[in-house]
Amino acid sequence: MKRYILFDLDGTLTESGEGIINSLKYSLDRMGIYDYDKSLLNRFIGPPLGVSYRELFGLSEEDAKRAIGFYREYFSEVGLFENRVYDGVVPALLSLIEAKMTLAVATSKPEIYTLRILERFKLRDYFTVIKGTPLDRVEMPKAEVIRDAVRLLGAVEPSICLMVGDRSQDVIGAAKNGIDCLGVTYGYGTPEELMSAGAVGLADTPEDVCHICLGL
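And the structure:
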């Protein structure tokens, strides 16, 4: 039975797309990049920022670092609060806690922003462990984030842990730690992306996440 549930943040606990995309647009404007495929914007949500700037917009490593600086100018003051908690998340978390499950957050978002978001939306107290990335590790692999979260939980056995996330990085990062991942389809990834990455199942709503976790 799964006793430890690790949640991604963006696209899993909160609908953060507006703030992320507005921060991205601001950074591209500051970089003088105006001609780009608008369909790339949603694909920016999830992976580490440096990877997305290079792979989606063709920036060099140096330019990607500059873009991240501009991104954070907007995000740290405005973008992180252009966000909302998905309907059903709080009741799901409460049900899991009542079932004696221990909850954690494992996200590629910088930890300093993660804590501010969780505190702003009154989610902080549901989680025993909150693990994000350092501001100076813009490309910290998701597998490392999950590994560190598990260590903070007390180096528990992977077999009793479950990752919940909306992108392939969550699934692959969990697998590298020997942990199953439940994919959520209400976030920013597609069912095909999640299943092809190896998700053990799909949840269409936070309520589904709760029911599936309680049944594992």
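For the working numbering, add 9 to where a residue sits in the sequence shown, where the first one is 1.
Even for Gly, the Cβ is constructed at its ideal location relative to N, Cα and C.
Model, not experiment: these values are computed from the prediction.
Cβ separation of residue i and residue j, assumed to be a contact under 8 Å, to the nearest whole Å
| i | j | result |
| --- | --- | --- |
| T23 | F90 | Rounded, the Cβ-Cβ distance is 10 Å, inconsistent with contact. |
| S177 | A206 | 4 Å |
| Y13 | L162 | 6 Å |
| C219 | A101 | 4 Å |
| K118 | G88 | Actually they are not in contact, since the Cβ atoms of K118 and G88 sit about 11 Å apart, beyond 8 Å. |
| I54 | D19 | 6 Å |
| I188 | P167 | 5 Å |
| L112 | F79 | About 34 Å separates the two Cβ atoms, so there is no contact after all. |
| K11 | L171 | 4 Å |
| I77 | L58 | 5 Å |
| L223 | A108 | 6 Å |
Beta bridge counterpart(s) of residue i as assigned by DSSP
| i | result |
| --- | --- |
| E24 | R93 |
| I14 | L112, L171 |
| L211 | G192 |
| P119 | T142 |
| D19 | T23 |
Own chain residues within Cβ distance below 6 Å of residue i, not counting five before or after
| i | result |
| --- | --- |
| V98 | L22, P215 |
| F16 | L22, V114, V173 |
| F84 | S32 |
| K185 | A152 |
| Y122 | L89 |
| E202 | S177 |
| V138 | A113, A158, L161, L162 |
| D252 | Residue 252 lies beyond the stretch modelled for the chain, which goes from 10 to 225, so this question has no answer here. |
| V94 | T23, F130 |
| L37 | none |
| E120 | G141 |
| R156 | N186 |
| D96 | none |
Close beta carbons around residue i, own chain, < 8 Å, minus the five adjacent residues each side
| i | result |
| --- | --- |
| I221 | L191, G210, A212 |
| I29 | D19, F53, I54, F84, G88 |
| N51 | G26, I30, Y197 |
| V154 | A115, T116, S117, K140, G141, T142, G182 |
| I169 | M10, K11, R12, Y13 |
| A208 | V180, C190, L191, G192 |
| K34 | L50 |
| R63 | S69, E70, A73 |
Residues near residue i in its chain [Cβ-Cβ closer than 7 Å; skip 5 each side]
| i | result |
| --- | --- |
| S61 | F53 |
| R125 | L89 |
Original post:
Enumerated in chain order, which unbroken segments of the alpha helix (DSSP H) with a length of 4 residues or greater are wholly contained in the stretch 125-206?
Top reply: With a minimum length of 4 residues, the continuous alpha helix (DSSP H) runs that stay inside the stretch 125-206 are 151-161, 177-184, 200-206.
Original post:
Would the stretch 188-196 and the stretch 16-33 be scored as touching if the rule is three or more Cβ pairs under 8 Å?
Top reply: By the Cβ rule, the stretch 188-196 counts as touching the stretch 16-33, because three or more pairs are nearer than 8 Å.
Subject >> contact_flag[the stretch 68-87, the stretch 44-52] where n(CB pairs < 8 Å) is 3 or more >> reply: No, the stretch 68-87 does not touch the stretch 44-52.
**OP:** Decide yes or no for the touch test of the stretch 165-179 against the stretch 132-149: beta carbon pairs closer than 8 Å, at least 3 of them.
**Re:** They do not touch, by the three-pair rule.
Original post:
Of all the beta strand (DSSP E) runs that stay within the bounds of the stretch 38-66, which reach a length of 3 or more residues?
Top reply: Runs of the beta strand (DSSP E) lying entirely within the stretch 38-66, each at least 3 residues long, are absent.
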